[in-house]
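Chemist:
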Amino acid sequence: MDWDLFISHASEDKDEIVRPLANIFSANNVNVWYDEFEFEIGDNLRETIENGLRNSRYGLVVLSQHFFEKYWPKRELDGLITLETTGNDRILPIWHKVTAEDVKKHVLLLAGRYGLSTNEGLNVIADKISKKICTFRITDHFGRKEKRNISCCNYEGIPVIPAWLKTEPDRISCVWLLERLTKRAELRVFKDPFWGNGTWFVVDDIEGDGVVINEDQFNDLIPPSPTTPSPTTPPPTSYF
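Heads up, the sequence shown is in the numbering used here, so the first residue is 144 and it goes up one at a time.
(1) Would you mind reading off the limits of the alpha helix (DSSP H) that contains F210?
(2) Consult DSSP for I192 and reduce its assignment to one of helix, strand or coil.
(3) So what does DSSP say about D158, is it helix, strand or coil?
(4) Go through its chain and collect everything with a Cβ distance to V161's Cβ below 8 Å, but skip five positions before and after it.
(5) May I ask which residues mark the beginning and end of the alpha helix (DSSP H) holding F180?
(6) Drop a sphere of 10 angstroms on the beta-carbon of L148, count the other beta-carbons inside from all chains shown, and report buried for 16 or more, exposed for fewer.
(7) Check whether the Cβ atoms of N174 and W146 lie closer than 8 Å to each other.
(8) Between the alpha carbons of E181 and E263, how many angstroms are there, rounded?
(9) Under the assumption that G202 contacts I237 (Cβ atoms under 8 Å), give the Cβ distance between them as a whole number of angstroms.
(10) Quick test of your reading: Q208 and V241, contact by CB under 8 Å. State the CB separation rounded to the nearest angstrom.
(11) Take K275 as the anchor and find which of S154, F168, E159 and D156 has the nearest alpha-carbon.
(12) List the endpoints of the continuous alpha helix (DSSP H) containing D270.
(13) Can you tell me where the alpha helix (DSSP H) holding D245 begins and where it ends?
(14) Under 8 Å Cβ to Cβ from I268, same chain only, skipping five residues before and after it: list those, please.
(15) Rounded to whole angstroms, what is the Cα-Cα separation between Y257 and I184?
(16) Helix, strand or coil, according to DSSP, for I224 in the structure here?
(17) What is the DSSP secondary structure of R200, reduced to helix, strand or coil?
(18) Applying the criterion that 16 or more other CB atoms from any shown protein chain within 10 Å of the CB defines a buried residue, is L251 buried or exposed?
(19) Note down the Cα distance separating H249 from A243, rounded to an integer number of angstroms.
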């Protein structure tokens, strides 16, 4: 997929909701399909939109009275509904100044689906959606040759392949990983006898499996900052 998120909306909602939300997503490294980011002079509107729909993992639909009245947004929603047969929960609704009755009247298929209200604030909406959709592709970040440098191990240091890595061998949740990289107590540091010299970090998950990441990769993911301790200063717990 080329994009994480396709934003379907009415143009009347751009200034207040959609453009600021798209900018927040973009700043948070969510690859978003938003018409102002994608359209270039001379583009065929239908083909460009259909390409975005087909090649986006999720569709964010900003439901409003303007949305219900417009032709193109409803066409986009029809496309998302059709594509959703290939995967559950592909459509993510946002309610903007509409009620459950409004949604039921205009889009019955979304009436029973949990959505976010713009009353929550755009930053809250962006955070919740990012946690659901954002993924970190190992080969995209480190390069295919370096994929071997991110592995998993259990508490005994034995390499394992946990269930989430079996189903998507190239993907782990970036939110899951980054949250744990910034929580120093959840890191175990060791000198790795199996994968080479240098300081390595084990980021634990709740089942006892962990992502193993070396010092250079840690620095790539988490640039040093006044609030982020240097990875060269390990926590007191040692893995070996």
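Cβ coordinates follow ideal geometry from the N, Cα and C atoms, glycine included.
Modeler: The short version:
(1) Q208 to E212
(2) helix
(3) helix
(4) I150, H152, Y177 and V205
(5) D178 to E181
(6) buried
(7) yes
(8) 28 Å
(9) At roughly 11 Å, the Cβ-Cβ gap does not stay under 8 Å, so G202 and I237 are not in contact.
(10) 6 Å
(11) F168
(12) L265 to I276
(13) A243 to H249
(14) L164, I237, L259 and T261
(15) 37 Å
(16) helix
(17) strand
(18) exposed
(19) 10 Å
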